Amino acid sequence: MGKNIILFSAILVLALIFTSMLVSYSVLAQETTAIEAVGTEENLTIELPNAGITPDSPFYGLERALERIRLALTFNKAEKAKRGLAYAEERLSELRLLLEAKKLKAAEKAKEEHKQIMQQVRERIQEIEEENATEEAEEKIGIEDRIRKQEIALD
Numbered sequence: 508m509g510k511n512i513i514l515f516s517a518i519l520v521l522a523l524i525f526t527s528m529l530v531s532y533s534v535l536a537q538e539t540t541a542i543e544a545v546g547t548e549e550n551l552t553i554e555l556p557n558a559g560i561t562p563d564s565p566f567y568g569l570e571r572a573l574e575r576i577r578l579a580l581t582f583n584k585a586e587k588a589k590r591g592l593a594y595a596e597e598r599l600s601e602l603r604l605l606l607e608a609k610k611l612k613a614a615e616k617a618k619e620e621h622k623q624i625m626q627q628v629r630e631r632i633q634e635i636e637e638e639n640a641t642e643e644a645e646e647k648i649g650i651e652d653r654i655r656k657q658e659i660a661l662d
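Residues 508 to 662 (our numbering) are what the sequence shown spells out, left to right.
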């Protein structure tokens, strides 16, 4: 009986810690940082979320797993593309932060993950175009604009 109480208490504590991490993650994601891409044909400012958990953190894998779960539970292709783009923007923030801290190995990981996510977003946009869903096609235009801004910021 005593072991069951201890086990239940441990599970409860872990659930509370996990929940608090999710809440703090969503709060961090709401804050933004503006970066300017200069030296391009047009000057533009991109609003990026704060980096939050970076690839050099032991919790990074958990954050990425939660992102993949959220993407899997998003069924609308345009919404899935937007969510993926938000994750790509977070990788871009992580990249900026890690480069400033001269953590090059972790920065390379963030850059590679940004590249992978952007490829997935492009594939979802292609699917929207092929289906020619009017409402989703309109959202595609906004998504493509955000993609272009990220590509300019990476250069």
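For each residue, glycine too, the CB sits at the ideal point set by N, CA and C.
What you are looking at is a predicted structure, and each value in this text was computed from that prediction instead of being measured.
Short check: CB of I632 to CB of A588, under 7 angstroms? yes
What residues in its chain sit with their C-beta under 7 angstroms from that of E651, if we drop five residues either side in the sequence? I632
Residues of its chain near I624, where Cβ-Cβ distance is below 6 angstroms and the 5 sequence neighbours each way are ignored: Result list for I624: G591, Y594 and A595, in chain order.
By the 10 Å Cβ neighbour count, where 16 or more other Cβ atoms means buried, how is A608 classified, buried or exposed? exposed
Assuming the contact rule is C-beta atoms closer than 8 angstroms, L569 and L599 should be a hit. Round their C-beta distance to whole Å, please. The pair is not a contact, with the Cβ atoms about 20 angstroms apart (cut-off 8 angstroms).
Just the Cα atoms here: how many angstroms apart are A617 and E601? 6 angstroms
Would you check if the distance between the CB atom of L605 and the CB atom of A613 is smaller than 7 angstroms? yes
Would you mind working out which of K610, E597 and R575 sits nearest D563, comparing C-alpha positions? Of the candidates K610, E597 and R575, K610 places its Cα closest to the Cα of D563.
Through-space distance from K584 to I560, alpha-carbon basis: 26 angstroms
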